[in-house]
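Read left to right, the sequence shown gives residues -18 to -1, 1 to 485 (mature numbering (1 follows the signal peptide of the UniProt record, and there is no 0)).
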Amino acid sequence: MAVAAIHFIAALVPAVLATQSKVPLFPRSNATTHIAAIRACTQLGASLGAPVVQSSGPDYEFAATHAWNLQNAEYQPTCIVFPRTSLDVQVAMKAIFDAKSHYAVQAGSHSAMKGWNTVQDGVLITFSNMQNVSYNPVRDSITLEPGTHWHDAATALEPQGVAPVGGRVGDVGTGLLLGGGLSWLSPSHGYAADMFKELDVVLTTGKMVTATASNEYSDLFRALKGGGNRFGIVTRYEVYPVHTGTQDNKTWTGGMIIYNSSAEALLNATARYTREVNDPKAVLLVSFINLIANGTLSPVYLVTPFYNGPELPADIFGDFLSIPAVSSTLGPMSYYDVSETLGLGDDRGSVQHFGASALVGNEDLFLEAFKHWSNLTTALLDNFAMTTLAFTPIPDSQIQAGRARGGNSINPPSGGFAAVQIYEQLAAGIDDIPPDVQRGADILFTQTPPSAGLPLYLNECDRGQKVFQSYGEGQGLRQLQETYAKYDPTRFNVEHSQGPEGL
Ligand SMILES: Cc1cc2nc3c(=O)[nH]c(=O)nc-3n(C[C@H](O)[C@H](O)[C@H](O)COP(=O)(O)OP(=O)(O)OC[C@H]3O[C@@H](n4cnc5c(N)ncnc54)[C@H](O)[C@@H]3O)c2cc1C
């Protein structure tokens, strides 16, 4: 064995010994998986070497503790791979596969799901060294390396007058694409993943393929539009751009309206919007937020309406505009301004918990969801720093735009609905989800079930929710299962990595 490899094993020992007892191990972790991870890391230390592979030191510590959800910042991977190229990812994946090691992939780190973007007794691949963004005017396409954050993409591309259909919050990363992706540009262009043009994907064996809508990997291409981390590691996203103009092109109108009361009127307006508005130039996010400090609850309701035109049409947004607000920033905007409205969202250090529902635009259903969410908040108040119930209307124009590009694995039925996000930020000092909170959230999910036939949103779900099953029969779940069996016949990913279930 090479001297470098022996040094590498020595460096691994502290990381293995320091395994924290409060972090539950991967369901099937045992002595064998410890050894498998060490074998993979040793192999990688010898083949890729430092600084690409690290098991201690400042870069390791930063990467291991940087996850947005505090629960995911407490794992200690056996080693962390910081790839510079797709080839590094291929080498890493082959070593992981050969050693039968557990592994995880991290891009922007914003997954709220415990264990989905990090790993104990395994190899973490993190993309902080792959953050290039470029626009090719000849191909008229944007290339995003997987470590890109949406603010950086928007800033790099704005001078060229283009933008990707990307996230609404700046620090979030490209993992958003693999769950589907809800963007300010979605009503006109579909889920963010609907804009995929070409994807480089490293399969579990380490083999790399380039998938497009029409080549021999078109089934993989479709599965990656909503299949999350299950179908391979994407090392290059080539996406169609939207020609949004530069910062000087104030072609949009909108901003943020803040309310601290009138919940019922806002819920009615949101339900009506969800049911009736199908204008691809209009987009809306409505977030009911409870801020909690010292046992006191302060409601803050944020409405962010935008229209790609010179004014907010009264027949679309009039209900919201007529409700008395605390403040408003409405005005002309460039698309870049729109994309910056919600800021970076890069605060870390709290336990975060997501859950999802999906509702047709019905006033009674929206009000019921609000009541149950309010009850959860007040019943368990001391556990929370913040609770949020957010509605993203998904108009039929978004669904049809996705179908026009070959469809996605989310497979939503025709007609509009709202993706509903149920979100709790736990109070300072809490470092895991208390059982009461999980029970309360589980009850809330049964009280607020998705309307018949509607898909849950993978990126904003609780890890126990059956998201793939909600994609429906035929083109949905069954096709996803068949594609998974074809590209990962030994089921390596589901056996060795955490993520959505149902394959
Ligand atoms: C503050 C905040 C704002 C948000 N706003 C939006 C929004 O506007 N629209 C929206 O749709 N969603 C939004 N989300 C949800 C967001 O889409 C998910 O949290 C998403 O998973 C984040 O991607 P990431 O790269 O930051 O996270 P990560 O945790 O790094 O990745 C998420 C998942 O994808 C996997 N993954 C990442 N990269 C790869 C890859 N290259 N290959 C294979 N698997 C990979 C990871 O293993 C993990 O399972 C928001 C979340 C937060 C916390």
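Even glycine gets a Cβ: it sits at the ideal position worked out from N, Cα and C.
- In terms of Cα proximity to Leu158, the closest of Leu440, Asn475, Gln463 is Leu440.
- Look at the beta carbons and you see the segment 148 to 165 not touching the segment 349 to 363: under three pairs across the two are nearer than 8 Å.
- Bounds of any beta strand (DSSP E) do not take in Met95, whose DSSP letter is neither H nor E.
- For ligand 1, a non-hydrogen atom lies closer than 6 Å to the CB of Ile215.
- The straight-line gap separating the alpha-carbon atoms of Asn475 and Trp98 is approximately 12 Å.
- Residue environment for Ala386: exposed (fewer than 16 other C-beta atoms within 10 angstroms of its C-beta).
- C-alpha of Ser200 to C-alpha of Ala193: approximately 6 Å in a straight line.
- For Pro128, the CB falls within less than 6 Å of some heavy atom of ligand 1.
- The DSSP-derived three-state label of Met112 is coil.
- If you compare the alpha carbons of Glu345, Asn290, Ala49, Ile78 with that of Ser168, the shortest gap goes to Asn290.
- Only buried fits Lys207, as 16 or more other CB atoms lie within 10 angstroms of its CB.
- Rounded to whole angstroms, the separation of the alpha carbons of Ile404 and Asp424 is 11 Å.
- At least one heavy atom of ligand 1 sits closer than 6 Å to the Cβ of Val154.
- Taking 4 residues as the shortest admissible run, the segment 371 to 443 contains the following complete alpha helix (DSSP H) segments, listed from N- to C-terminal end: 378 to 386, 417 to 429.
- Gln88 has its Cβ nearer than 6 Å to a heavy atom of ligand 1.
- A check of alpha carbon separations from Gln457 across Gly389, Leu436, Gln480, Gln429 identifies Gly389 as the nearest.
- Taken in chain order, the complete alpha helix (DSSP H) segments of 4 or more residues contained in the segment 52 to 97 are 68 to 81.
- By the Cβ rule, the segment 322 to 334 does not count as touching the segment 430 to 438, because fewer than three pairs are nearer than 8 Å.
- In the three-state scheme derived from DSSP, where H, G and I count as helix and E and B as strand, Leu106 is classed as strand.
- Just so you know, the alpha carbons of Gln407 and Arg421 end up roughly 16 Å apart.
- Residue pairing for Pro281: DSSP places it in a beta bridge opposite Asn272.
- Ser83 and Ala18 do touch by the CB rule: their CB atoms are close to 4 Å apart, below 8 Å.
- DSSP places Val476 within a helical segment (H, G or I) once states are collapsed to three.
- Between the segment 223 to 234 and the segment 126 to 146 there are three or more C-beta pairs closer than 8 Å, enough to call the two in contact.
- Short note on Ser170: C-beta not closer than 6 Å to any heavy atom of ligand 1.
- The residues Asp378, in chain order, have a CB closer than 6 Å to that of Gly397 in the same chain once the five nearest residues on each side in sequence are set aside.
- In terms of CA proximity to Ala174, Gly148 leads the group Ile240, Gly148, Val183, Leu294.
- Relative to the non-hydrogen atoms of ligand 1, the Cβ of Gly454 never comes closer than 6 Å to any of them.
- By the C-beta density criterion, Gly27 is buried, having at least 16 other C-beta atoms within 10 angstroms.
- About 14 Å separates the beta carbons of Gly152 and Ala89, which is beyond the 8 Å limit, so they are not a contact pair.
- The alpha-carbon separation between Arg204 and Asn276 amounts to approximately 48 Å.
- Between Val184 and Met75, the C-beta gap is smaller than 7 Å, which places the two residues in contact.
- Of the candidates Asp364, Asn250, Ala49, Thr359, Thr359 places its Cα closest to the Cα of Thr370.
- Taking 6 Å as the cut-off, one finds at least one heavy atom of ligand 1 near enough to the beta carbon of Leu158.
- Beta-bridge analysis with DSSP links Asn118 to Ser123.
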